[in-house]
Amino acid sequence: MDYNATLTIHANKPATENDDIDDVMEAFASYHPAVGDAPACPGALKAVITLPAHTLTQAVATATALAAQVGDLVGIEVIPTRMWDRREGLKIDDVDFVGVSEAAVRLGITPQAVRDRITSGRLPGKKVGRNWVVSDAALPR
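Position in the sequence shown (first residue = 1) + 9 = this note's numbering.
1. Less than 9 angstroms separating the beta-carbons of T71 and L82?
2. Can you look up T73 in the DSSP assignment and give me helix, strand or coil?
3. Kindly indicate the opening and closing residues of the beta strand (DSSP E) around S144.
4. Is the Cβ-Cβ distance between F106 and V79 less than 9 angstroms?
5. What do you get for H41, buried or exposed, if any count of 16 or more other CB atoms within 10 angstroms of its CB means buried?
6. Taking only three categories from DSSP, how would you classify I118?
7. What does a CB cutoff of less than 6 angstroms around I127 pick up in its chain, not counting 5 residues either side in sequence?
8. From which residue to which residue does the beta strand (DSSP E) around T15 run?
9. Return the residue from the list V44, H19, V137, T17 that minimises the CA-CA distance to R91.
10. According to DSSP, which residues form a beta bridge with L60?
11. Roughly how many whole angstroms lie between the Cα atoms of D14 and R139?
12. Taking the C-alpha atoms as reference points, what is the distance between R124 and L16?
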């Protein structure tokens, strides 16, 4: 599973040096970094990286070790990348989904019939919170 870690770091070099961001970007290059100033912590940098791990504990340990290579870790947040993507408003699995009501209109059936098809496996769908959603690609235009 992939995790996203948001690291707030005081870089090893003084924050006044312009190449701090470049140094952190280079150190984290294998982890698809996004690095910038950390507004909540003057003089610190905020780095967001994506890393593979088997467990959250492993992801936290890896992110902590990576941060130690470039400076003093001030703060850390580690969450599964899928959760990060949802929080950032990105599509889940790069698939567009529609609700049961829209699926019913497009199929010309009732919302209950859509739910019945989903639960019987005749229509691809999944539960998001308390609601079912259907893959847009599985429906007629």
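A virtual CB, placed ideally from N, CA and C, is assigned to each residue, including glycine.
Working from what's here:
1. It is not a contact, given that the beta carbons lie outside the stated cut-off.
2. In the three-state scheme derived from DSSP, where H, G and I count as helix and E and B as strand, T73 is classed as helix.
3. 140-144 is the span of the beta strand (DSSP E), which, as asked, contains S144.
4. Against a cut-off of 9 angstroms, the Cβ pair of V79 and F106 comes out as no contact.
5. Exposed, by the Cβ-count rule.
6. Here DSSP, grouped into helix, strand and coil, assigns I118 to coil.
7. Only G134, W141 meet the Cβ criterion.
8. Taken as a continuous stretch (DSSP letters only), the beta strand (DSSP E) holding T15 covers 11-20.
9. Residue V137 is the option with its Cα nearest to R91.
10. L60 is bridged to Y12.
11. Note that residue 14 is Ala in the sequence shown here, rather than Asp. If you take the alpha carbons of A14 and R139, they lie about 28 angstroms apart.
12. Whole-angstrom Cα-Cα distance: 42 angstroms.
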